[in-house]
Amino acid sequence: MKALILAGGFATRLWPITKNFPKPLLKVGGKPILGHILDRISNIEDIDEIYVATNSKFKTHFEKWLKEIETFYHKKVTLIIEQSSNEKQKLGSIGAIYNAIKLKEIKDDLFLILGDNIFEFSLLNYVNTLENERAIQIGVINLNNKNLAKNFGILTLDKNNNLIKFTEKPKEPETTLASTGLYLFPKEHLNLIKDYVEKGNNPDRPGYLIEWLLKQKKVNVKGFIFHGIWFDIGTPETLRMAKEVYKSG
Numbered sequence: 036m037k038a039l040i041l042a043g044g045f046a047t048r049l050w051p052i053t054k055n056f057p058k059p060l061l062k063v064g065g066k067p068i069l070g071h072i073l074d075r076i077s078n079i080e081d082i083d084e085i086y087v088a089t090n091s092k093f094k095t096h097f098e099k100w101l102k103e104i105e106t107f108y109h110k111k112v113t114l115i116i117e118q119s120s121n122e123k124q125k126l127g128s129i130g131a132i133y134n135a136i137k138l139k140e141i142k143d144d145l146f147l148i149l150g151d152n153i154f155e156f157s158l159l160n161y162v163n164t165l166e167n168e169r170a171i172q173i174g175v176i177n178l179n180n181k182n183l184a185k186n187f188g189i190l191t192l193d194k195n196n197n198l199i200k201f202t203e204k205p206k207e208p209e210t211t212l213a214s215t216g217l218y219l220f221p222k223e224h225l226n227l228i229k230d231y232v233e234k235g236n237n238p239d240r241p242g243y244l245i246e247w248l249l250k251q252k253k254v255n256v257k258g259f260i261f262h263g264i265w266f267d268i269g270t271p272e273t274l275r276m277a278k279e280v281y282k283s284g
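In our numbering, the protein residues as written are 36 to 284.
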């Protein structure tokens with residue numbers, strides 16, 4: 036299994052903090068956001084290589100970070116530098132996945148992780164689901180708040196956690212089950228990402244790909260419900276909240 040951390044955005048909602056500094060390297064609790072993610076995935080035996088996809092604007096920041104952490108983890112961490120240097124040029128999340136698969140010739144199961152998330156739950160059981168069921172898996176958390184749910188990709192699941200509906204940032208959420216930015220793609224379904232991008236679909240958010248997959252009805256998509264601390268660091272407020280929690284912890 037390969038892990039791909041998407042860290043190529045420009046985080047305009049966090050400007051000026053992130054105007055000249057990458058969001059995934061912002062420190063929370065004395066450690067970069069990416070460090071928290073690596074802490075959670077570096078102990079997963081199935082993962083034999085970790086890719087971090089970023090943009091050319093922040094290339095030097097990530098190269099410096101990689102030198103600082105390369106002896107801390109027992110996994111190979113490789114940077115993928117996209118050519119984009121501003122918001123207009125960015126590949127988008129799905130475009131970045133497609134680029135990484137093609138560039139690194141990825142043919143293994145793929146663990147996709149959005150690089151602006153911090154979470155405290157174990158991922159071992161999640162990864163192990165692929166041993167028994169070769170469905171695309173979406174990591175989910177229950178926000179228990181419909182107003183908050185308007186800001187996220189929201190899932191409707193059946194009693195067996197099969198995905199029935201996925202909506203990006205719904206105005207009227209049907210549920211409060213939010214995508215955590217953790218996706219598992221079995222290797223036999225990676226070609227669907229290629230099909231999606233090459234047919235000219237919106238490459239910006241993983242949720243758009245999930246909506247498309249549901250319409251295609253070519254593969255089963257399931258939700259895996261996590262319990263515990265999770266932050267999507269998208270605004271100054273969520274950054275402040277995460278810092279408060281990790282300062283006290």
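Glycine included, every Cβ here is placed at the ideal spot set by N, Cα and C.
Between Tyr161 and the rest of its own chain, which residues show a CB-CB distance below 8 Å, the 5 nearest in sequence each way excluded?
Counting only Cβ-Cβ distances below 8 Å, and skipping sequence neighbours, we find Gln172, Gly174, Leu217, Leu219, Phe259, Phe261.
Helix or strand or just coil, what does DSSP make of Ala213?
In this structure, Ala213 counts as strand in the three-state DSSP scheme.
List the whole-angstrom C-beta distance separating Gly43 from Leu126, where the pair is believed to meet the contact cut-off of C-beta under 8 Å.
With a Cβ gap of about 7 Å, Gly43 and Leu126 count as contacting.
Count the other CB atoms within 10 Å of the CB of His71; is the residue buried (16 or more) or exposed (fewer)?
Its Cβ being crowded by 16 or more others within 10 Å, His71 is buried.
Run the CB neighbour count on Gly242, radius 10 Å, all protein chains shown included, and call it buried at 16 or more, exposed below.
With 16 or more other Cβ atoms within 10 Å, it is buried.
Would you call the stretch 151-171 and the stretch 65-82 touching, i.e. three or more CB-CB distances under 8 Å?
These segments touch.
Are the CB atoms of Ala38 and Ile68 nearer to each other than 7 Å?
Going by C-beta atoms, Ala38 is not nearer than 7 Å to Ile68.
When the Cα of Lys142 is compared with those of Leu274, Ile264, Leu225, Asp239, which residue comes out closest?
With distances taken between Cα atoms, Lys142 lies closest to Leu225.
Is the beta carbon of Leu149 sitting closer than 7 Å to the one on Leu248?
No, the Cβ-Cβ distance between Leu149 and Leu248 is not below 7 Å.
Can you tell which of Phe56, His109, Glu272 has its C-alpha closest to the C-alpha of Leu24?
Residue 24 falls outside the range modelled here, since the chain spans only 36 to 284, and no answer is possible.
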